[in-house]
Structures are given as structure tokens and as C-alpha cells.
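Contents: one structure, followed by commentary.
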Amino acid sequence: MSIGQGQAHESHFGPTSELIEVSAFLQSAQSEFGAPYPQSSSSIQGSAREEWLTLSEDTKRALQEECSVSDLRSSLNNIVVNPRLMAHVTRTHDASLQSIYETADTSNRRKRKRVTVLTPDQEQPEVTALQQKLDQVQLKSWPLMLNSALFIRTPRHADSNTLTATKRLAFSHAPADQNQALVFVTVYNRLQWGHRLVARSSQHVLLSSQTLGDLMESIPCVSNEIPEEQVDENGVTTWTKASATNTSGSVICLEGVAYGDGQSEADYSVKLLKSLQDLPEQQRASVTRGPPMHDATFESLKIHLHQPYWMIHSGDCEHFFVVEQIRLHHPSDPPPSDYPLTTQITPPLLDVCRACNKVPALYSILGDIRLGESPFMICGPCWRWLGMPHGEGADQVTVVPLPAYELGWSG
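Take my numbering: the last position of the sequence shown gets the number 1000, and nothing is skipped along the way.
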């Protein structure tokens, strides 16, 4: 599968679920279990757990042995801790994938160098024994077939994660109700090279008692990183780093309802409805104005899973978000006071210095005729070597620092 085909495939969503009323989901869960999950080992609730307590010790032990995967875990650990076995498994897997890709790829693109796999007579006895054991697996789904190329792909930039650990935002208004549902949200951005295609930007987990405004504040965005322009009384322009308190208008459109930020009477929701009224009637979407996004909790919404919803902020910065799943909060999950969580952030693509083409650019130079284009992306050492121009037109040159990606990009 080519990159373009794969990206186009991932830009399609669905099939969507039935309309889910989050509050009804919580009520049905409470009526079924008494509470979503016990909050501690001393408060065991729910019919399944109560039934487990009624079983005899012999029955419990038999069920635990039947469901145990300790034999599989020990086998896998023996391979992972042995460098020779692990290298063999990795090498044969890569060779299998490469063979599938080359067979499925009908283009004339240059083939990559084939992964070398040793023959059985060249391998160590323990490696040969492991391969014979793998060859004896009776599952028909165990070996990768040619049609596997339709479902596997190489890693992409959106699969990377800037976070080394789950990021806990821990807003000050911690929920009082411990019986919560978790809402898993994935955010997508348009691709610069294909605006009809989207790529994953970040992933978040929120409580059902939290709001659409909490989601908006959780999303890291390059628009929030743009430096602020300051002009003094002499007309000299300076640039300062973006401030976390510098917020602009925003609106979220979900199930035909526009939720503005409520910063003013005529917020983005009002402007959105006015823009829709300017469209021809046959192109006009049916959208009504809802409450401010910081008043719209997830448990007050009706949501389709796997359906993209739209948001816009900072003028014309668009995002799409998809609710992947809704489930009950479990005792093994972080406490409610830690939410919302951010579990993945795709690293931003950095502009490379156009002078040396070696390191990321640090400045954007506007109006400098020496550079041949405006704006011109340049790194710090190259700009220090070049220096500010002198003479005619020098006062028209502006040096804008590029975003540092410090607000929301790290754990």
C-alpha cells in the first residue's frame, strides 16, 4: 500500500455507532453494577464479583489455572532475554514483511535491500529449535499471508509520541462524584500537502463530568505557540514567547450544535451561524447555538462513536476530533483528580534552515532582499554569521522567532 493510499484510507472514519447518550450509559451501568467499579478492595460491588465470592476455593483455583497465561509469558520472556533468539525472531519477521510488501507492490519503485536470513545449517542449535517450534504452530492465522499487505504498514510520523509518560493536566476543579465514565478522544489535523486528508495530532482521556472546554484546553496546537508581537512607542517591534494565558476565540460543532467559548456575547458560535447564513440555502448546514463549551459536560451530550466532529480556534485553525470509546472508570485507572489525560502527542514538523539545510530553523526573516525570499527560515548560527543588513531597506527587515513548542508539548 502506497503512502498516499494509506493516508487516504486513514482519513476515512466509521462506521459510526448509534447515538449514545452518555448520561443514560452511566445510569444503566449503575443499575447493572450498583456502581461503575468498586473504588477500593474493601468495597466490592457488582453481581459478577459477588458471584465470584460464592465460589469454593477449589473452583476458584481451577478457573485461575485454566485462564492463566504464565506458560506463554515464560516462553516469551525466554526469547526476549536471549539476544540470539530475539535477533532471529526480529530478523525473520522483518524479512517476512519485506517479502509481502515487495510482492504486493506493483509499482516500479526501487526495492529496498533484502533482509538477510541465515539458513538452518548456519544457525545455532537453540535458534533452529526455536524455529522448528514456531513452524509447528497449528493456527492458520499465525503466518502472515500475502493479503496481510492490506492491513499492515510502515510506521509514520503520526505514530511517534513526544510524551515519555502519560501527561496529567489535573485541572483545579476536581470532580466530586467518583462514579465516572472515561471518554477517549483522538484529535486530527489537516495535512499541509493534502487538505482533504488528516493525520492524528493527539489523544486524550477525559471524565464524563468534564466539559468540551476542558478538551479544547487540553489540545496542543501550533497556533498557541505563535510568538506575541510587541511594538514600543518608537515603532520598534519585538517578539515575546507565547503565553499560556493568551487565549483567542473558539467553537466546537457537535451533532449540529455550536458550542462557543463564551468569552463575549458574540463569540465564535455566533460568528459561525452568521457565516452559515451567508451561504446558499442548499449548502447551508443545520446548526444551532448551544451553551458555552465550558458548561457542556460530556455526560450531557449525545455522541456517535467514530464520527469526526469539528472545532476551530485562533482565527482559522481547524481540528477534527473523534470519540473512540466510552467506558467506566476502573480502580486501576488514575484517580479522577488527574484528568484530563494526554496519552499521545505527534511531534511537530520543524522547518529546516534553508541556508545550511542541516539543523532546524530558529528564525523567520521577513523583508531581507539578500535572502531571495520572504519569509526565509534560518537557524541561529547562520543568522549570526549573516547578521542584520545595513543601508537602504534595513529598517524593513523583521526577525520573527519560530515557535518553541513549549506549551503543552512535553509531559
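Each residue gets a CB set at the ideal place from its N, CA and C atoms; glycine is no exception.
In this structure, DSSP gives L735 a helical state, which the three-state scheme calls helix.
Rounded to the nearest whole angstrom, the C-alpha separation of V941 and V948 is 6 Å.
Shown here for V989: same chain residues with a beta carbon closer than 7 Å to its own, the five before and five after excluded, namely P816, W828, Y952, S953, L955 in chain order.
8 Å or more divides the Cβ of V772 from the Cβ of R779.
By the neighbour-count criterion, in which a residue is buried when 16 or more other Cβ atoms sit within 10 angstroms of its Cβ, K756 is buried. Residue pairing by DSSP places A651 in no beta bridge whatsoever. Here DSSP, grouped into helix, strand and coil, assigns L801 to helix. Nearest C-alpha to Q781 among G603, H908, T648, E610: H908. The way I'd put it, the segment 979-987 doesn't touch the segment 791-809; fewer than three beta-carbon pairs between them come closer than 8 Å. From the listed residues A770, A847, H793, the smallest Cα separation to Q933 is found for H793. For L801, same chain residues with a beta-carbon under 6 Å away, outside a window of 5 residues either side, are I841, Y848, M882, A885 in chain order. Beta-bridge partners of G849 (DSSP): V840. For M966, the enclosing beta strand (DSSP E) has its first and last residue at 965-967. By alpha-carbon distance to T931, the top candidate from S730, Q769, T775, Q914 is T775.
In the structure shown, N750 adopts coil according to DSSP, grouped into three states. In the same chain as M675, and ignoring 5 residues on each side of it, the C-beta atoms closer than 8 Å to its own belong to I668, V669, in chain order. A straight line joining the alpha-carbon of D922 with that of L795 spans about 12 Å.
Under DSSP, no beta-bridge partner is assigned to R943. Non-local beta-carbon contacts of I609 in its own chain, meaning distances under 6 Å to residues more than five positions away in sequence, involve I892 in chain order. Nearest Cα to C971 within the set R943, V986, P964, I958: R943. For Y928, there is no enclosing beta strand (DSSP E), as DSSP gives it neither H nor E. R873 places its beta carbon less than 8 Å from that of L865. Note on T743: under 16 other CB atoms within 10 angstroms of its CB, so exposed under the neighbour-count rule. Within 10 angstroms of the beta-carbon of V658 lie fewer than 16 other beta-carbons, which makes it exposed. Taking all protein chains in view, the Cβ of A950 is crowded by 16 or more other Cβ atoms within 10 Å, so the residue is classified as buried.
By the criterion of a C-beta distance shorter than 6 Å, Q896 is surrounded in its chain by T605, once the five residues flanking it on both sides are discounted.
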